[in-house]
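Engineer: Before we start, here is the structure in question, set down as structure tokens.
There are 2 protein chains.
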Amino acid sequence: MSTHAIHSDALAQKLADSGLRNTPQREFVYDALLTKRDHPTADEVYARVKTQLPGISLATVYNCLETLVQCDLVRAVNFERAPTRYCPNLHPHAHFHDETTGATHDIELPASLLAEIKAVLPPGYNADVIELTFRGKLPATR
Amino acid sequence: MSTHAIHSDALAQKLADSGLRNTPQREFVYDALLTKRDHPTADEVYARVKTQLPGISLATVYNCLETLVQCDLVRAVNFERAPTRYCPNLHPHAHFHDETTGATHDIELPASLLAEIKAVLPPGYNADVIELTFRGKLPATR
DNA sequence: ATCCTTCTTTAGAATTATTCCAATTTCAAC
DNA sequence: GTTGAAATTGGAATAATTCTAAAGAAGGAT
Ligand SMILES: [Mn+2]
Ligand SMILES: [Mn+2]
Ligand SMILES: [Zn+2]
Ligand SMILES: [Zn+2]
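Going down the list, the protein sequences come from chains L and U.
If you want our numbering, it's the position in the first sequence, counting the first as 1, plus 141.
If you want our numbering, it's the position in the second sequence, counting the first as 1, plus 141.
Listed below in structure tokens is the structure:
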């Protein structure tokens, strides 16, 4: 089993479900997200994958990331107008953006809180997506 | 009292607090947001203010909007990577983005829910800003 | 195996919201 | 009235992302 194929089972499955082909580019991009789950930007994914697939293009990284998002394997995460970041955590979760380091931390969301959040919507409002974002400074000593 | 001065009291106060000058451009931009509270983009604010101040520049609209945000008179609201929208509602509230019409609706947030949301953060995580966004399709009949 | 079609990747150009810049204008203080 | 900071302006620059057109890979049918 090749290194980049470690996580290819779920990927191959979801791609097949969507009628899409599996490719080395898609596997390496997905693997980059799973190997270092630090919410990298497309540029950062590009830099990481290039060490293993030197011929890959930035356009392909964007294409692959969009494919992974559409297959529900990855979430796109936006803070203000900063470059989009990518997250392979499929559990319901919020994001804490540390303004000191720029790091993004996952905050797991209990189903009970999610239910209470949905309950603030007036009748007729039906949310397909809920995004919860925190911004603040974490103490330097961690 | 001139039309654009209707809302100038809070503005003049906050500008003074921040050591900034009051200007017609700032007053008209703020007034555009208060008069039609539909979360316009900078371009839309520009179009609205130009009817009253034909000489205003888009750069100035951006400058004024940023000033208003820094004075805590206006919130900048982002959905995905769409152009930033501006909201003069100072109460704690979430946003519902209607994917059918593109409209943005304010969802008032009870303090109790805000407290529960903050409570999901691990010790040491202190959030200066909390953003809650819903996305979905509203029934056409409203 | 070859043909055919479709999907994917690629390099580079285009797009576009926003920011930056240098020159003018405004304005408050002295 | 002079002066200096602050604000505005038009246009250039920036930068993340998307688009385009051409080349490459892959799968199914024959
Ligand atoms: Mn990037
Ligand atoms: Mn706009
Ligand atoms: Zn995440
Ligand atoms: Zn709002």
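Glycine residues also receive a C-beta, built at the ideal position from the N, C-alpha and C atoms.
From L:Y187, L:I271 and L:A151, pick the residue whose C-alpha is nearest to that of R226 of chain L; which is it?
Structural biologist: Looking at the Cα atoms, L:Y187 is the closest of the given residues.
Engineer: Starting from D269 of chain L, find everything on chain U with Cβ-Cβ shorter than 9 Å and list it in chain order.
Structural biologist: E240, F275, R276, G277 and K278, listed in chain order.
Engineer: DSSP three-state label for V210 of chain L, please.
Structural biologist: Here V210 of chain L sits in helix by DSSP.
Engineer: Using DSSP bridges, identify the partner residues of L273 of chain L.
Structural biologist: For L273 of chain L, which the question treats as bridged, DSSP gives the partners U:L273.
Engineer: For L254 of chain U, which residues in chain L fall below 8 Å Cβ to Cβ?
Structural biologist: Residues of chain L passing the Cβ test: E257, I258 and V261.
Engineer: Applying a beta-carbon distance threshold of less than 9 Å, which residues of chain L neighbour G243 of chain U?
Structural biologist: Per Cβ cutoff of 9 Å: no residues; G243 of chain U is ~15 Å from chain L at best.
Engineer: For a minimum of 4 consecutive residues, which ranges assigned as the alpha helix (DSSP H) are wholly contained in the stretch 166-231 of chain L?
Structural biologist: DSSP runs (the alpha helix (DSSP H)) wholly in the stretch 166-231 of chain L: 183-191 and 199-211.
Engineer: For L273 of chain U, I'd like the list of residues in its chain whose CB is within less than 6 Å of its CB, leaving aside the five on either flank, ordered along the chain.
Structural biologist: For L273 of chain U, where only same-chain residues beyond five positions count, the Cβ hits under 6 Å are A235.
Engineer: Distance, Cα to Cα, R276 of chain L vs G243 of chain L?
Structural biologist: Answer to the nearest angstrom: the Cα atoms are 10 Å apart.
Engineer: Is the stretch 165-178 of chain U in contact with the stretch 202-210 of chain U, if contact means three or more CB pairs nearer than 8 Å?
Structural biologist: Yes: the two stretches touch, three or more of their Cβ pairs being nearer than 8 Å.
Engineer: Return yes when the C-beta of H238 of chain L is under 7 Å from any heavy atom of ligand 3, and no when it is not.
Structural biologist: No; taking the cut-off as 7 Å, the Cβ of H238 of chain L has no heavy atom of ligand 3 nearer than that.
Engineer: May I have the straight-line CA-CA distance separating H246 of chain L from H238 of chain L, to the nearest angstrom?
Structural biologist: Distance between the alpha carbons of H246 of chain L and H238 of chain L is about 6 Å.
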